[in-house]
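A short write-up of the structure that comes next.
2 protein chains.
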Amino acid sequence: MRLKLTIAYDGVALAGWQSQPGGNTVQDFIESAIAATAKQAVRIHGSGRTDAGVHALGQIAHFDVPEGLTMNPFNWVPALNTKLPASIRVLACEEVAADFHARHSAQGKTYRYDLSLEPVLSPFRAGRAWHLPRQLDPFTLREMLACFEGRHDFEAFGARRGNETEETSYVRTITRVGLEEIAWGWRLRFTGDGFLYRMVRLMTGAAVQVAQGRLAVAEVAGLLDQAPGLPLGRCSHCAPADGLFLESVDYGRITR
Amino acid sequence: MRLKLTIAYDGVALAGWQSQPGGNTVQDFIESAIAATAKQAVRIHGSGRTDAGVHALGQIAHFDVPEGLTMNPFNWVPALNTKLPASIRVLACEEVAADFHARHSAQGKTYRYDLSLEPVLSPFRAGRAWHLPRQLDPFTLREMLACFEGRHDFEAFGARRGNETEETSYVRTITRVGLEEIAWGWRLRFTGDGFLYRMVRLMTGAAVQVAQGRLAVAEVAGLLDQAPGLPLGRCSHCAPADGLFLESVDYGRITR
Numbered sequence: 009m010r011l012k013l014t015i016a017y018d019g020v021a022l023a024g025w026q027s028q029p030g031g032n033t034v035q036d037f038i039e040s041a042i043a044a045t046a047k048q049a050v051r052i053h054g055s056g057r058t059d060a061g062v063h064a065l066g067q068i069a070h071f072d073v074p075e076g077l078t079m080n081p082f083n084w085v086p087a088l089n090t091k092l093p094a095s096i097r098v099l100a101c102e103e104v105a106a107d108f109h110a111r112h113s114a115q116g117k118t119y120r121y122d123l124s125l126e127p128v129l130s131p132f133r134a135g136r137a138w139h140l141p142r143q144l145d146p147f148t149l150r151e152m153l154a155c156f157e158g159r160h161d162f163e164a165f166g167a168r169r170g171n172e173t174e175e176t177s178y179v180r181t182i183t184r185v186g187l188e189e190i191a192w193g194w195r196l197r198f199t200g201d202g203f204l205y206r207m208v209r210l211m212t213g214a215a216v217q218v219a220q221g222r223l224a225v226a227e228v229a230g231l232l233d234q235a236p237g238l239p240l241g242r243c244s245h246c247a248p249a250d251g252l253f254l255e256s257v258d259y260g261r262i263t264r
Numbered sequence: 009m010r011l012k013l014t015i016a017y018d019g020v021a022l023a024g025w026q027s028q029p030g031g032n033t034v035q036d037f038i039e040s041a042i043a044a045t046a047k048q049a050v051r052i053h054g055s056g057r058t059d060a061g062v063h064a065l066g067q068i069a070h071f072d073v074p075e076g077l078t079m080n081p082f083n084w085v086p087a088l089n090t091k092l093p094a095s096i097r098v099l100a101c102e103e104v105a106a107d108f109h110a111r112h113s114a115q116g117k118t119y120r121y122d123l124s125l126e127p128v129l130s131p132f133r134a135g136r137a138w139h140l141p142r143q144l145d146p147f148t149l150r151e152m153l154a155c156f157e158g159r160h161d162f163e164a165f166g167a168r169r170g171n172e173t174e175e176t177s178y179v180r181t182i183t184r185v186g187l188e189e190i191a192w193g194w195r196l197r198f199t200g201d202g203f204l205y206r207m208v209r210l211m212t213g214a215a216v217q218v219a220q221g222r223l224a225v226a227e228v229a230g231l232l233d234q235a236p237g238l239p240l241g242r243c244s245h246c247a248p249a250d251g252l253f254l255e256s257v258d259y260g261r262i263t264r
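Chains A and B supply the protein sequences, listed in that same order.
Per our numbering, the very first residue in the first sequence carries number 9; after that it's consecutive.
Per our numbering, the very first residue in the second sequence carries number 9; after that it's consecutive.
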């Protein structure tokens, strides 16, 4: 039986999603909790990695329940939560078809990025928002964000991970970028069919530079869809992990 | 020169307001930050204590700037924040009259208490709300909370602190108890001219018992204004520190 987990985590004190020798990652904690329940090692597969310090409201992972273990999917939620630190919570568990794959079946994702414009960053938002006490121009911010919408080559907004093979394509479609004013700042929301490594942080970093008057909209927009054969101009402004939340992963209709 | 500080803190990992030998209290951190700035020990006076795990959005304290130290009150804010952990922030600093006293001049306080009714407590609210996955009846809750409004003898809702002299009076006036539905639960708000030790947590604990059908409104209301000379019935339900926030302290008009 294959199960799909919906997971939320406060990344402030975590070393990211992916398992690593030092532990303290979401994958390590959840695999340990499953192993303690199933009495054997079980590998989980996430929809994608999140970096150290990044948060999730609806990360998705799947795993296969070992043969012979009969347990209602619903009961996995408390079974795992009692073994997890309070910074990681399994929100839901449901059975999915045997060919469901948290990463390969994903049709899209939504990320949110929170900017705090408070004079002093609230202690409740420390590590959970990017603190920008200097004002930014929301009209320019909106104009910049709109440029990211649509189907583009985002290679300039993708960081390289040392240990990974190159992407086969840097073309992604961002269906919507939202900008919402909240009580203490601005909330950016990016929905798309996929995101390169650090893409949301690089787009946000560049957009903030523009909204603070240090870069022109055209300079950043010019990094999209660059002509092949010429040296690639790269976005060099990366927003901190603090404000980034993986909100949800879209699988369309899941058939059981 | 006497300065008034407005302070916010996320109490999750703190041992409360009041200085103690083990440290890790808000008072200890702020006194250390002032001492590092003033190059001498300085005592601060808070509007009142908060217990370990309790939070503040607008705690107030005052201190006297040592003679010879000339620094614009406004500059104390960044000077202290750079020396404080991110869980404690000085939001404002202003000069006040020499007879202003954070505790004695206070005319009232507002506390908020957050109840989470989420099936699974969000990791972002761990330690910052009381998780009550079992439903509660908001009508009964509202009826119970209304009983606390007005001028009453709250002795049954005051815990005793071992090392303290008895209160001279247990009569307090609660001017307003608010109940607000929020996205993930209920927010209680108590405004009054003063609160006994643990009074908000005891009132909240009893109100939740009533809203969950385990106590009658009359049983709890009967603990108010008990006749003298008879053995005192005490409220024995104390809500956890997690959901309690000191929102603000009211000084009326402060004259400089």
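Even glycine gets a Cβ: it sits at the ideal position worked out from N, Cα and C.
Nearest residue (CA-CA) to residue 61(A), options 96(A), 186(A), 147(A): 96(A)
Contact set between the stretch 75–89 of chain B and chain A, restricted to residues whose Cβ is under 9 Å from the partner: 85, 86, 89
Skipping 5 residues on each side, what residues in its chain have a beta carbon closer than 6 Å to that of residue 72(A)? 10
Interfacial residues, the stretch 56–77 of chain A to chain B, with Cβ spacing under 7 Å: none
Report yes or no: do three or more beta-carbon pairs, one from the stretch 80–99 of chain A and one from the stretch 152–170 of chain A, lie closer than 8 Å? no
Residue 253(A) to residue 222(A), Cα distance in whole Å? 26 Å
Which bits of chain A does residue 128(B) rub up against, with CB to CB less than 9 Å? 16, 85, 86, 89, 97, 98, 99, 100
Residue 63(A): buried (16+ other C-beta within 10 angstroms of its C-beta) or exposed? buried
Under 8 Å, CB to CB, which of the residues in the stretch 130–159 of chain B have a partner in chain A? 130, 131, 132, 134, 135, 136
Any beta carbon from chain A within less than 8 Å of residue 94(B)'s own beta carbon? yes
For the 8 Å Cβ check, are there 3 or more pairs between the stretch 14–33 of chain B and the stretch 230–247 of chain A? no
Which residue wins for smallest C-alpha separation from residue 208(A), given the options 111(A), 103(A), 184(A), 129(A)? 184(A)
Counterpart residues of residue 258(B) in DSSP-defined beta bridges: 116(B)
Tell me whether residue 197(B) sits in a helix, a strand or coil according to DSSP, three-state version. strand
Buried versus exposed, by CB contacts within 10 Å (16 or more), residue 203(A): buried
If you measure from the beta carbon of residue 240(B) to each beta carbon in chain D, is any gap under 8 Å? Absence of chain D from the displayed structure is noted, the protein chains being A and B.
Bridge partners for residue 123(B) per DSSP, in chain order? 138(B), 194(B)
Report the three-state DSSP secondary structure of residue 217(A) (helix, strand or coil). helix
Run of the beta strand (DSSP E) containing residue 129(B), from where it starts to where it stops: Counting along the chain, residue 129(B) falls outside any beta strand (DSSP E), and DSSP gives it neither H nor E.
With C-beta atoms as the reference, is residue 232(A) less than 8 Å away from residue 134(A)? no
In terms of alpha-carbon separation, which member of 139(B), 36(B), 119(B) lies closest to residue 205(B)? 119(B)
Excluding five sequence neighbours on each side, which residues of the same chain lie with their C-beta closer than 6 Å to the C-beta of residue 251(A)? 121, 122, 137, 138
Could you compute how far the alpha carbon of residue 263(A) sits from the alpha carbon of residue 113(A)? Note that residue 263(A) scores 49 on pLDDT, short of 50, meaning its location in the model is unreliable; the coordinates nonetheless yield the value given after this. Distance between the alpha carbons of residue 263(A) and residue 113(A): 11 Å.
Go to residue 71(A), then tell me how far its beta strand (DSSP E) extends in each direction, as first and last residue. 63–72
Let me check understanding here. Comparing Cα to Cα, which of 44(A), 70(A), 49(A), 46(A) lies closest to residue 55(A)? 70(A)
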